[in-house]
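Numbering (the UniProt record's numbering), first residue to last: 1 to 144.
Quick reminder that beta carbons are idealized off the backbone N, C-alpha and C, glycines included.
The structure appears below as structure tokens.
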């Protein structure tokens, strides 16, 4: 996270690493590849399902302009990395359950608070599991 001397957040940089997603089969026996379609930061603790706040990568229509594509692991490159920057215009309004707007659109400082407070997670979506295949913690650190 990068901030000014006054403490204002100006951007958040991130690195997302994932590896070796396997294919699965549907009820008819048709293979569904483990291709990554998108990844987001969501708000919520371990037991909560919150809204997506920001895209980390996407291969689907509707992602904000400038969102990096999600690379696909291969046999030759089983681990892939996505790096990017989140700025105010990348933040979507988001809530959890009955609280519809915990973060307002464009509020980088609120995103910083949920990242540092452990109230966020990454959700990685695949063709086989479009609602999310992997859910994991976020490790935040500052850079001045």
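Burial state of residue 62 (16 or more Cβ within 10 Å):
exposed
Quick one: using the 10 Å Cβ neighbour count with 16 as the cut-off for buried, is residue 60 buried or exposed? exposed
(message) Taking the alpha-carbon of residue 93 as reference, which of 119, 43, 37 has the nearest alpha-carbon?
(response) Out of 119, 43, 37, 43 has the C-alpha closest to the C-alpha of residue 93.
Check: Measuring CA to CA, which of 141, 140, 135 is closest to residue 47?
Finding: 135
Can you look up residue 123 in the DSSP assignment and give me helix, strand or coil? strand
Could you give the distance in angstroms between the alpha-carbon of residue 208 and the alpha-carbon of residue 66?
Absent from the structure is residue 208, since the part of the chain shown begins at 1 and ends at 144.
Quiz prompt | Residues of its chain near residue 144, where Cβ-Cβ distance is below 6 Å and the 5 sequence neighbours each way are ignored | solution = Summary for residue 144: the model assigns pLDDT 48, below 50, so the residue's position carries little reliability, and this model does not support an answer.
Quiz prompt | Proximity to residue 57 [Cα-Cα], best of 20, 76, 77, 126 | solution = The residue with the shortest Cα to Cα distance from residue 57 is 126.
### Message
To the nearest angstrom, how far is the alpha carbon of residue 84 from that of residue 68?
### Response
7 Å
| request: Could you please give the first and the last residue of the uninterrupted alpha helix (DSSP H) stretch that includes residue 113? | output: 108 to 116
### Task
Assign residue 118 to buried or exposed, taking buried as 16 or more other Cβ atoms, counted over all protein chains shown, within 10 Å of its Cβ.
exposed
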